[in-house]
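Engineer: In full-length UniProt numbering, the protein residues as written are 1 to 1078.
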């Protein structure tokens, strides 16, 4: 029952996993990015320098368009230098969007200040998957920075620093440049676009791990770290604290401005949580950047016009102003002061309030009093479709009442001029009170995204405002004259009236939960606190439904804020044409010890006052699975390896003691090896490791156990399908190869046939030598790929031999039945009649002979000792009866002398009887499966599991082979090859496994089983994130199995007939002690 249940659960997990993949690629937000167009044909001017000879694969280019190309070819650069670094498999031509916009902007300001864009060609290498090129790329970019600044050496105002824009892994390389003490002083600002900064997307090899570790070690010593306190709440304008570095470095490192920008939900390669860094000075998702407010996919981050404009505006604002009429041609420099650049970055990249200070202003002038109107309603709107000719001052009285504590103002299409003021309305003119002077309140402004008009929201606590300014009587809203349509929505309410708290349901509950059945008509603001949304894999669906609207068109906005993150705000539009649900999730799990009860995830609703809404939430299994797949799919490699280890453990543990070894079926082992229990066992071992503090720290393993179950179950189902497909391929290809071999052997040239047969006998060792040579002459991954093909061919050859033997035996049995069955029956009947008559006569005269008695005794002993399930049951029943007799005799004989001892002895014997029955049942189940294994399939089962493990090792090192193939024209042998040592170890380990007739009937399988279980736990604890460690674990298993198959001693045939069980020895001792018969 349990194996079938495990299989059903596994395929259910796989279906959920596939559902998550489907959601990732289909449930994407609409791409609202505008294209960036070049006005002239883009040109990439190659810049040659002496150090480039050491890096023949890479190149440095300068960007130019039209007539500016001649200046670039003459190396006449005069702007502020910006270097673009492409990412994983990225092209240097991706700079054209950023550079083209910068050129247009420079032309618009008549070259008063402009930017010069440079880009590096890194051969479009897969640097995110193969870390052997990262250090080389970093060194080359460092040389390019020096060369770029040398291009400006002739200018009187030559730049002293360069700004770097790195996309994807290019951003990580830019961070790595700061480790170089010669290059770091030349860098002023780094902007990382959709870059995995603190840890890689997939940690596939030791070079990637070493690269990131060196960056983190250097930064932790020399940079301030952004930390999150228990009281941090960025939704309430809280700021993240910064921790001082352990070893403050001299100026030139910590004064660098580091900016990280993420793409959002459309970026399925680098998810939101990976784009941030604890060392960045400012982080912003594209969804939260003013005037962008949309999500970008991984490649779109470099050409999205809205984002490109903001980045260039920031860069132009950080250029020092060159004074004088003859400023042109002198060069441009970036601002050196970090605080000034940081302030500019906050202004452009953060969704903060409008950067203005409160000041006293005069609202009226001569003969221009305007219309001063005071409205006592708490909820109202004013709309001017054709604009307004005269200034209108809307007055909100400051009343000490619980219903007049919070003021929400939504201004649509208002001018940039200050329009919210506080004042004391003491002047009166013709029954109209007004304020001659007032104080502006720009610190309450918040710009909101809008698909149509400019939208600003103001939220003021009137009670606190009255306490701070007791002389004030009104808050005044000024609507200045304009020809454009404007609208103002006022919503005044008591504290907490528009605030709702809700607790999300359990993960297994998917009922729709109504938060608000009907909103207040005219209300424009609601705040919903979501309790329990704490883990990054959780996802719920928010449904904002317009029940009734006064106008056919409406425009509402949803804003999501996660209090323990910075720059991760998201916006969602709800209109008459776009009313899709919003999926709520957090980019990062809450920090350890963070109190989400006080600071929960907050949803702000900016509603259309003309509508009434219904608000529901429910758990979203689709988006939850998408989040799990996006963040934890790389765990699958470690779990697949662990499952195969457990399956191999089960396969080699089926053989009873002292029996010929048989290896069980891999498909059966996948579901009978209790694969899910390894998850619980791993968590137990994790506690032991953390408690001991002697073993290396494992990978972070504080996620929900539900994630591990889904990944593990998906792995079991995938392997089950893989093994089934492999058997189909073996059967099909085996038959094909068999036919080809027959044709070759039947070729009418005897030498060819003999040569083929002789080569197959020596093939394994010959292949090993060739594979080792390939690994040394090219790269280890290539030899691993070839090893997989050869291994599969050997398995098909094994199946061919099994098929021939099976057909031969079947044909023999059929022939015997067809030609000899009837005659043998007649002979046996005649012989049996003769023997029966003779034996009857002899018994009637002499009685049974000694030989007959001896034969009878031997047959009884043989039957008693035969290891079959039926005889085991009979033996168990006999032992049970004998034990009961012994217990009875003991109790009767010693009832008066030592009754307590007799009772203990009887209990002990009964307990042993129960244990023996349990052990017999387990052995019976294993023996049934053992007896069902055909001898010819045992070696195929054994090697098929090793072949699957080898496939996983090859898959892990596949990027290495791709890199070698791409760089073959530059280097024949891959220098930084993380697959070389694993390939050498595995290929050498396969030599005896291929050459010898393995698996053999030898000792040591129990020891190997224990090692496999420990290795499976190591995979779960140490290799989920650090995938590269699987190389060492798999190599170790191959080496251990090879040593065991080569050097372990064979099981002697005579010992198989010996009855040497602990139970029988113990019962014999009891018999001798009691003097009874058992």
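Heads up, the beta-carbon is just placed ideally off N, CA and C, and yes, glycines get one too.
Are three or more beta carbon pairs between the segment 165-177 and the segment 129-143 nearer than 8 Å?
Structural biologist: With the cut-off at 8 Å, the segment 165-177 and the segment 129-143 touch.
Engineer: What are the start and end residues of the alpha helix (DSSP H) that includes residue 216?
Structural biologist: Reading the chain shown from its first residue, position 216 is the one you call residue 216. Residue 216 -> alpha helix (DSSP H) spans 206-222.
Engineer: List the endpoints of the continuous beta strand (DSSP E) containing residue 167.
Structural biologist: Here residue 167 refers to the residue found at position 167 when the chain shown is read from its first residue. 162-167 is the extent of the beta strand (DSSP E) around residue 167.
Engineer: Can you name, in chain order, every residue of its own chain whose Cβ lies under 6 Å from the Cβ of residue 397, other than the five neighbours on each side?
Structural biologist: What you label residue 397 is simply residue 397 of the chain shown in a count that begins at 1. Once the five neighbours on either side are set aside, the close Cβ partners of residue 397 are 474.
Engineer: Going by DSSP, which residues form a beta bridge with residue 573?
Structural biologist: Here the question's residue 573 lines up with position 573 in the chain shown. The partner list for residue 573 (beta bridge, DSSP) reads 557.
Engineer: What did DSSP end up calling residue 111 once you bin it into helix, strand or coil?
Structural biologist: One-based indexing of the chain shown puts residue 111 at position 111. It is coil, neither helix nor strand.
Engineer: Taking the alpha-carbon positions, what's the residue 401 to residue 496 distance?
Structural biologist: Reading the chain shown from its first residue, position 401 is the one you call residue 401. Reading the chain shown from its first residue, position 496 is the one you call residue 496. Going by the C-alpha atoms only, they are around 14 Å apart.
Engineer: With H, G and I counted as helix, E and B as strand and the rest as coil, what does DSSP make of residue 619?
Structural biologist: Position 619 of the chain shown, counted from the first residue, corresponds to residue 619. In this structure, residue 619 counts as strand in the three-state DSSP scheme.
Engineer: In whole angstroms, what is the alpha-carbon distance linking residue 5 and residue 720?
Structural biologist: Translated into the one-based positions of the chain shown, residue 5 becomes position 5. Translated into the one-based positions of the chain shown, residue 720 becomes position 720. Going from the Cα of residue 5 to the Cα of residue 720 covers about 14 Å.
Engineer: Taking the continuous beta strand (DSSP E) assigned at residue 606, which residues delimit it?
Structural biologist: Position 606 of the chain shown, counting from 1, holds the residue named residue 606. Where residue 606 is concerned, the enclosing beta strand (DSSP E) stretches over 601-606.
Engineer: Which residues in the same chain have their Cβ closer than 7 Å to the Cβ of residue 852, if we skip the five residues on either side of it in sequence?
Structural biologist: Start at 1 with the first residue of the chain shown, and residue 852 comes out as number 852. Low confidence applies here, because residue 852 scores a pLDDT of 42, under 50, leaving its location unreliable and the question unanswered by this model.
Engineer: How would you call residue 420, buried or exposed, if buried means at least 16 neighbouring beta carbons within 10 angstroms?
Structural biologist: For this step, residue 420 is matched to residue 420 along the chain shown. Buried: at least 16 other Cβ atoms inside 10 Å.
Engineer: Are at least three pairs of beta-carbons, each pair with one atom in the segment 767-775 and one in the segment 999-1016, less than 8 Å apart?
Structural biologist: Contact between the segment 767-775 and the segment 999-1016 is absent, because fewer than three Cβ pairs lie under 8 Å.
Engineer: So the candidates are 213, 207, 188; which of them puts its Cα closest to the Cα of residue 199?
Structural biologist: Here residue 199 corresponds to residue number 199 of the chain shown, with the count starting at 1. When each option's Cα is compared against that of residue 199, the closest is 213.
Engineer: Between 938, 546, 618, 331, which has its C-alpha nearest residue 512's C-alpha?
Structural biologist: For this step, residue 512 is matched to residue 512 along the chain shown. Of 938, 546, 618, 331, the residue nearest in Cα terms is 618.
Engineer: Could you have a look at residue 405 and say whether DSSP puts it in helix, strand or coil?
Structural biologist: Sequence index remark: in the chain shown, residue 405 carries index 405 (1-based). Three-state DSSP puts residue 405 in coil, outside helix and strand.
Engineer: How would you call residue 569, buried or exposed, if buried means at least 16 neighbouring beta carbons within 10 angstroms?
Structural biologist: Residue 569 sits at position 569 when you count from the first residue of the chain shown. Its Cβ being crowded by 16 or more others within 10 Å, residue 569 is buried.
Engineer: Tell me the residue span of the beta strand (DSSP E) that contains residue 296.
Structural biologist: As a working mapping, residue 296 is identified with position 296 in the chain shown. Taken as a continuous stretch (DSSP letters only), residue 296 belongs to no beta strand (DSSP E), as it is neither H nor E.
Engineer: Is it buried or exposed for residue 896, if we count other Cβ within 10 angstroms and need 16 for buried?
Structural biologist: On the chain shown, position 896 is the one that residue 896 refers to. For residue 896, the pLDDT reaches just 48, beneath the cut-off of 50, and the residue's location in the model is therefore unreliable, although a value from the coordinates is still provided. Burial call: exposed.
Engineer: Kindly indicate the opening and closing residues of the beta strand (DSSP E) around residue 981.
Structural biologist: The count along the chain shown starts at 1 and reaches residue 981 at position 981. From DSSP, residue 981 is part of no beta strand (DSSP E) but of the alpha helix (DSSP H) over 980-995.
Engineer: Tell me the DSSP bridge mates of residue 582?
Structural biologist: Within the chain shown, the letter at position 582 stands for residue 582. DSSP, once it has assigned bridges, lists 542 as partnering residue 582.
Engineer: Between which two residues does the alpha helix (DSSP H) holding residue 964 run?
Structural biologist: Position 964 of the chain shown, counting from 1, holds the residue named residue 964. Counting along the chain, the alpha helix (DSSP H) containing residue 964 begins and ends at 958-966.
Engineer: Closest to residue 389 by C-alpha separation, out of 483, 55, 717, would be which residue?
Structural biologist: Taking the chain shown and counting its residues from 1, one reaches residue 389 at position 389. Nearest of 483, 55, 717 to residue 389, Cα basis: 483.
Engineer: According to DSSP, which residues form a beta bridge with residue 514?
Structural biologist: Position 514 of the chain shown holds residue 514. Paired residues: 616.
Engineer: Would you tell me roughly how many angstroms separate the C-alpha atoms of residue 643 and residue 670, rounded to the nearest one?
Structural biologist: Against the chain shown, residue 643 aligns to sequence position 643. Against the chain shown, residue 670 aligns to sequence position 670. Rounded to whole angstroms, residue 643 to residue 670 spans 7 Å at the Cα level.
Engineer: Could you have a look at residue 372 and say whether DSSP puts it in helix, strand or coil?
Structural biologist: By one-based count along the chain shown, residue 372 stands at place 372. Three-state DSSP puts residue 372 in a strand.
Engineer: Restricting to Cα atoms, I'd like to know which of 621, 79, 387, 524 is closest to residue 15.
Structural biologist: As a position in the chain shown, residue 15 is number 15, starting the count at 1. When only C-alpha atoms are compared, the closest one is 621.
Engineer: Could you tell me the alpha carbon to alpha carbon distance between residue 225 and residue 258, rounded to whole angstroms?
Structural biologist: For the purposes of this step, residue 225 is taken as the residue at position 225 of the chain shown. For the purposes of this step, residue 258 is taken as the residue at position 258 of the chain shown. Looking at the two C-alpha atoms, the distance is approximately 12 Å.
Engineer: Over what stretch of residues does the alpha helix (DSSP H) that includes residue 1042 continue unbroken?
Structural biologist: Your numbering for residue 1042 matches position 1042 in the chain shown. Unbroken alpha helix (DSSP H) run through residue 1042: 1029-1047.
Engineer: According to DSSP, is residue 474 part of a helix, a strand, or is it coil?
Structural biologist: For this step, residue 474 is matched to residue 474 along the chain shown. Reduced to three states, the DSSP call for residue 474 is strand.
Engineer: Kindly provide the ranges of any beta strand (DSSP E) runs that are 3 or more residues long and lie completely inside the segment 408-487, ordered along the chain.
Structural biologist: Counting whole runs of 3 or more residues, the segment 408-487 contains the beta strand (DSSP E) stretches 420-423, 427-429, 432-434, 437-440, 445-448, 455-461, 474-479.
Engineer: Exposed or buried, residue 583, counting other C-beta atoms within 10 Å across all chains shown (16 or more means buried)?
Structural biologist: For the purposes of this step, residue 583 is taken as residue 583 along the chain shown, with counting starting at 1. Its Cβ being crowded by 16 or more others within 10 Å, residue 583 is buried.
Engineer: Among 96, 215, 1040, 26, which has the Cα closest to the Cα of residue 1010?
Structural biologist: Stepping through the chain shown from its first residue, residue 1010 is reached at position 1010. With distances taken between Cα atoms, residue 1010 lies closest to 1040.
Engineer: Confirm the yes/no value for this check: CB of residue 8, any heavy atom of the ligand ZN, distance under 7 Å.
Structural biologist: Annotation note on the ligand ZN: not contained in the displayed structure, which lists no ligands.
Engineer: Check whether the segment 979-990 touches the segment 952-962, taking contact to mean three or more Cβ pairs, one atom from each stretch, closer than 8 Å.
Structural biologist: Verdict: yes, contact present.
Engineer: Go ahead and label residue 754 buried or exposed: buried means 16 or more other beta carbons lie within 10 angstroms of its beta carbon, across all protein chains shown.
Structural biologist: Position 754 of the chain shown holds residue 754. The pLDDT assigned to residue 754 is 47, lower than 50, so where the model puts this residue is not dependable; a value taken from the coordinates is nonetheless given after this. Flag for residue 754 reads exposed.
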